[in-house]
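Chemist: The sequence shown stops at residue 409 when you use my numbering, and every number in between is there. All C-beta atoms in this analysis are idealised placements derived from N, C-alpha and C, irrespective of residue type, glycine included. First the structure, which I've put down as structure tokens, then a few questions once you've had a look.
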Amino acid sequence: MRIGIFGGTFNPPHKGHKKLALNIKEKADLDRIIIIPTFTPPHKEGKDLASGEHRIKMCEMMFTEDFFTVSDMEISRRDKSYTYYTLLELKKVCPDDELFLIIGSDMLLSFHTWFRYEDILPMVTLCVATREDKVDYSELLAYSKDVLGLGKNEIIIADTEPYECSSTDVRQQLSLGLDAAYMTGREIYDYARLNLLYESPFSEYKRLLRDRLDDYRFLHSLNVAESAAFLADMYGEDRDKAYFAGLLHDIMKNENKSDMLKLMEKGGIILSRTEKANPKLWHAIAGECCLRTELGIKDEEILSAVRYHTTGKEAMSLFDKIIYVADYISAERNYPDVETMRSLAVGNTLDEACLYSLQYTLKSLSEKKGIIHEDSLAFYNDLIINMKQ
Ligand code: ATP
């Protein structure tokens, strides 16, 4: 028999996997295909990595035709999933069958880095399907000849239109609460949702923000969350908490003024003269009220970071500063000095980064006769006094 071996993380399986398998089946005239999800070390399971058992179940939902078998041989081995050992095991079970190793073109181009790849080659015929438009047939052929030493007849390349999707795309959609069924089929999509696979711990808040913010602001919030988590790791603060505060810092940014005023009034806020005259500052104050009253957030560090992310204040905590700076260095920012800000932020000089952004803000506000909040001046003076001590 001609047997195809198709290994992968399948986290989760998607239509690109299925199309790859079917293309190769036809091109290589295979009788059977064994689907082998790789083992995942238990400590790596989590929001991004579903357990082996879940991935096996989803593979069974994807690969339903009779000629497919889903095998748990790597998962039950509970060890690093080296293809070389898997093939040795298969050779023992079916010594007279011809084996075909099925991979996507991206995997072929790194084949020379696989464990004992020279020993794998005599055991199988490589079967490759193009994955992205970028990689073409002649490039794959050249690689297999020059790097792997394979002749044209020793590798099978299915050069059909690739299905542009990846498990990463599926996971991203799911963690945002967006539809991914078109990539996986409804059954796997529902299975993943019912079992809370790939849900980010903050997905309910992301959904909430998605409703309240425009596209630009939503992406900005996701980016600030990521920068905040990065800085928290670097400066020894709580990563998840920083991500959460970064995510929610602009929650009121797209609300209208009267709604913000109502919320602030409900929260017992009395605006100062400066604040009354400058509605651009309201979203941070109303943001704190929203977190406190509507979302029931009680963590004072998060509330303070959201409240002071625009103006700063005297005696900012490390956590406050992380959110403040994250807002200036998020991925989509492209103001002229952003790279200087980024290098100050990651160069163990968080106070310098705060000062740099304050100098920029105070200067541009004074140039256009804008109102400067007293908290920003207090923040500035505090940084200078501390630096001089
Ligand atoms: P992730 O996005 O998590 O990296 P993935 O979508 O690349 O995952 P894997 O399970 O890692 O999926 O891939 C298993 C095999 O399937 C690999 O050989 C890969 O090249 C191939 N493959 C994955 N997606 C496609 C696709 N859309 N078209 C063709 N081949 C694919």
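On the DSSP bridge list, what partners appear for L121?
Modeler: Within the sequence shown, the letter at position 101 stands for residue 121. In the DSSP output, where bridge partners are listed per residue, L121 has I25 and L146.
Chemist: Bridge partners of R52, per DSSP?
Modeler: Taking the first residue of the sequence shown as 1, we reach residue 52 at position 32. Bridge partners of R52: I23.
Chemist: Whose CB is closer than 6 angstroms to a heavy atom of ligand 1? List the residues in chain order.
Modeler: Going along the chain, the residues that qualify are G28, T29, F30, N31, G36, H37, L40, I123, G124, D126, M127, A149, R151, P182, Y183, C185, S186, S187 and T188.
Chemist: Check each candidate in S292, T188 and A346 and name the one with the smallest Cα separation from G36.
Modeler: As a working mapping, residue 36 is identified with position 16 in the sequence shown. Minimum Cα distance to G36 is reached at T188.
Chemist: Express the C-alpha separation of H240 and D234 in angstroms, rounding to a whole number.
Modeler: Along the sequence shown, read from residue 1 onward, the residue named residue 234 stands at position 214. Along the sequence shown, read from residue 1 onward, the residue named residue 240 stands at position 220. Between D234 and H240, the C-alpha separation is close to 10 angstroms.
Chemist: Measure the beta-carbon distance from I343 to A265 and round it to whole angstroms, keeping in mind my assumption that it falls under 8 angstroms.
Modeler: Taking the sequence shown and counting its residues from 1, one reaches residue 343 at position 323. Taking the sequence shown and counting its residues from 1, one reaches residue 265 at position 245. I343 to A265, Cβ: 5 angstroms. Contact.
Chemist: If you drop the 5 nearest sequence neighbours on each side, which residues of the same chain put their C-beta closer than 7 angstroms to that of R237?
Modeler: Mapped onto the sequence shown, residue 237 falls at position 217. Result list for R237: D270, K273 and N274, in chain order.
Chemist: For the beta strand (DSSP E) that contains A178, what are its first and last residues?
Modeler: The residue you call residue 178 lines up with position 158 of the sequence shown. That run of the beta strand (DSSP E) goes I175 to A178.
Chemist: Would you call S386 buried or exposed, if buried means 16 or more other Cβ atoms sit within 10 Å of its Cβ?
Modeler: Within the sequence shown, residue 386 is the residue found at index 366, counting from 1. It counts as exposed.
Chemist: For F88, list the residues DSSP reports as bridge partners.
Modeler: Counted from its first residue, the sequence shown places residue 88 at position 68. In DSSP, F88 forms a bridge with I53.
Chemist: Can you tell me whether DSSP reads C374 as helix, strand or coil?
Modeler: Position 354 of the sequence shown holds residue 374. Helix, per DSSP.
Chemist: Between the Cα of T58 and the Cα atoms of K77, L338, D49 and G27, which residue gives the shortest distance?
Modeler: Counted from its first residue, the sequence shown places residue 58 at position 38. Selected option, being the one with the closest Cα: G27.
Chemist: Just confirm the distance between the C-beta atoms of L378 and S363, as a whole number of angstroms; I'd bet it's less than 8 angstroms.
Modeler: As a first step, residue 378 is located in the sequence shown; it is residue number 358 there, counting from the start. As a first step, residue 363 is located in the sequence shown; it is residue number 343 there, counting from the start. Contact doesn't hold; Cβ gap of about 17 angstroms is too wide.
Chemist: On the three-pair Cβ rule with 8 angstroms, is the stretch 309-317 touching the stretch 277-294?
Modeler: Contact between the stretch 309-317 and the stretch 277-294 is present, because at least three Cβ pairs lie under 8 angstroms.
Chemist: Ligand 3 heavy atoms versus the CB of L161: any closer than 6 angstroms?
Modeler: In the structure shown, ligand 3 is absent; the only ligands present are ligand 1.
Chemist: Rounding to the nearest angstrom, what Cα-Cα distance links D179 and Y105 in this structure?
Modeler: Numbered from its first residue, the sequence shown carries residue 179 at position 159. Numbered from its first residue, the sequence shown carries residue 105 at position 85. Rounded to the nearest angstrom, the two C-alpha atoms are 29 angstroms apart.
Chemist: Which of helix, strand or coil does DSSP assign to Y344?
Modeler: Taking the sequence shown and counting its residues from 1, one reaches residue 344 at position 324. In the structure shown, Y344 sits in a helix (DSSP, three-state: H, G or I).
Chemist: Decide if the stretch 320-329 is in contact with the stretch 287-306; the criterion is three or more beta carbon pairs, one per stretch, under 8 angstroms apart.
Modeler: Yes, the stretch 320-329 is in contact with the stretch 287-306.
Chemist: If you draw a straight line from the alpha carbon of E138 to that of H132, how long is it in whole angstroms?
Modeler: Taking the first residue of the sequence shown as position 1, residue 138 is located at position 118. Taking the first residue of the sequence shown as position 1, residue 132 is located at position 112. For E138 and H132, the distance between alpha carbons rounds to 8 angstroms.
Chemist: For the stretch 121-129 against the stretch 143-151, are there 3 or more C-beta pairs whose distance is under 8 angstroms?
Modeler: Taking 8 angstroms as the limit for Cβ pairs, the verdict is that the stretch 143-151 does touch the stretch 121-129.
Chemist: When you compare each of D51, T60, K77 and T381 to A212 by their alpha carbons, which one comes out closest?
Modeler: On the sequence shown, residue 212 is found 192 positions in, with the first residue counted as 1. Among D51, T60, K77 and T381, the Cα nearest to that of A212 is on K77.
Chemist: Going along the chain, which residues of its own chain have a beta-carbon closer than 8 angstroms to the beta-carbon of E257, five neighbours each way excluded?
Modeler: Locating residue 257 in the sequence shown gives position 237, counting from the first residue. Once the five neighbours on either side are set aside, the close Cβ partners of E257 are L251, L338, F339 and I342.
Chemist: Rounded to whole angstroms, what's the CA-CA distance from E372 to L141? Just pull it up for me.
Modeler: If you number the sequence shown from 1, residue 372 lands on position 352. If you number the sequence shown from 1, residue 141 lands on position 121. Using only the alpha carbons, I get a separation of about 56 angstroms.
Chemist: I'd like to check one pair, F87 with R136: are the Cβ atoms closer than 7 angstroms?
Modeler: Taking the first residue of the sequence shown as position 1, residue 136 is located at position 116. Taking the first residue of the sequence shown as position 1, residue 87 is located at position 67. Not in contact: R136 and F87 (Cβ atoms no closer than 7 angstroms).
Chemist: Tell me the rounded alpha-carbon separation between A48 and K39.
Modeler: Locating residue 48 in the sequence shown gives position 28, where the first residue counts as 1. Locating residue 39 in the sequence shown gives position 19, where the first residue counts as 1. If you take the alpha carbons of A48 and K39, they lie about 14 angstroms apart.
Chemist: By Cβ distance below 6 angstroms, which residues in the same chain neighbour E334 in space, the five residues on each side in sequence not counted?
Modeler: Residue mapping note: residue 334 aligns to position 314 of the sequence shown, counting from 1. Within the same chain, E334 has close Cβ partners A398 and D402.
Chemist: Around the Cβ of E411, are there at least 16 other Cβ atoms within 10 angstroms (buried) or fewer (exposed)?
Modeler: Any question about residue 411 goes unanswered here, given that the chain covers just 21 to 409.
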